[in-house]
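Take the sequence shown: its letters are residues 5 to 200, numbered as in the working numbering. Even for Gly, the Cβ is constructed at its ideal location relative to N, Cα and C.
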Amino acid sequence: MQHHGAPTRLLDFTYSVYVAAYFALEEAEDDCVVWAVDGPWVLQRSAALLRSGGKTGTSKMLKPFIDDDEQVIQPLFMKKPYIATVWPINGFRLNERLRVQQGAFLIPGDISRPFMENVSALANGKDANTMVRLLIPDALRKEALRRLWSMNISRAALFPGLDGFARSLGVNHSLFNPAPWADPSVKKRRWTMSAA
Numbered sequence: 005m006q007h008h009g010a011p012t013r014l015l016d017f018t019y020s021v022y023v024a025a026y027f028a029l030e031e032a033e034d035d036c037v038v039w040a041v042d043g044p045w046v047l048q049r050s051a052a053l054l055r056s057g058g059k060t061g062t063s064k065m066l067k068p069f070i071d072d073d074e075q076v077i078q079p080l081f082m083k084k085p086y087i088a089t090v091w092p093i094n095g096f097r098l099n100e101r102l103r104v105q106q107g108a109f110l111i112p113g114d115i116s117r118p119f120m121e122n123v124s125a126l127a128n129g130k131d132a133n134t135m136v137r138l139l140i141p142d143a144l145r146k147e148a149l150r151r152l153w154s155m156n157i158s159r160a161a162l163f164p165g166l167d168g169f170a171r172s173l174g175v176n177h178s179l180f181n182p183a184p185w186a187d188p189s190v191k192k193r194r195w196t197m198s199a200a
């Protein structure tokens, strides 16, 4: 549902830094950021935080996939006490979009707190390289999107079907065919119609 615009508590993540860069750059109006996260470290730290907060059942969550098992997820994330943390989730049944996007999710433990506060709860001061913030300057946006397009990373590829293709036209057109009126060297002309 999240891919169709429905609000959820899950944050989209991907195993591909290139796909992440595309999503960060696609509609950016300024500098943008891609976060790289050490998944196994997040899983271990989060399990430790949940256990120290009195939650049980984390060992079931250490499996590589969760098959929408409410008996596992509900006690950890939907019942008090809420623990500030994030948990990586891979879906067991992947739809086409998740497959092509190499998608995964992070679920916050305490939705009453901002997401970054949940993330900050994981850090204990010693783990500086487990979460890396990659800044992409706005000046590189068009060139980066062109290069991603040449690697077949575009809205058309990441959102298979007519909707993805249609939305890709706007992005691709602005990358490869700048509007003539945006070029200061092009003279402005006024066209008039005359009756013959």
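- Classified as exposed, ARG150 has fewer than 16 neighbouring CB atoms from the shown chains inside 10 Å of its CB.
- By the neighbour-count criterion, in which 16 or more other beta carbons inside 10 Å mark a residue as buried, GLY107 falls on the buried side.
- PRO85 and PRO118 have their C-alpha atoms some 17 Å from each other.
- The three-state secondary structure of ASP16, taken from DSSP, is strand.
- Boundaries of the beta strand (DSSP E) harbouring PRO92: 90–93, taken from the DSSP string.
- LEU139 sits in a strand when the DSSP states are folded into three classes.
- In the assembly as shown, LYS83 is an exposed residue. Its beta-carbon has fewer than 16 other beta-carbons within 10 Å.
- Under the DSSP definition of a beta bridge, PHE109 partners with ASP16 and ILE93.
- The shortest C-alpha to C-alpha distance from TYR22 to any of ASP167, PHE169, ILE140 and LEU179 is the one to ILE140.
- It is roughly 8 Å from the alpha-carbon of LEU126 to the alpha-carbon of VAL90.
- In the three-state scheme derived from DSSP, where H, G and I count as helix and E and B as strand, ALA24 is classed as helix.
- Restricting attention to GLY43, PHE27 and ASP42, the CA atom closest to the CA of CYS36 is found in PHE27.
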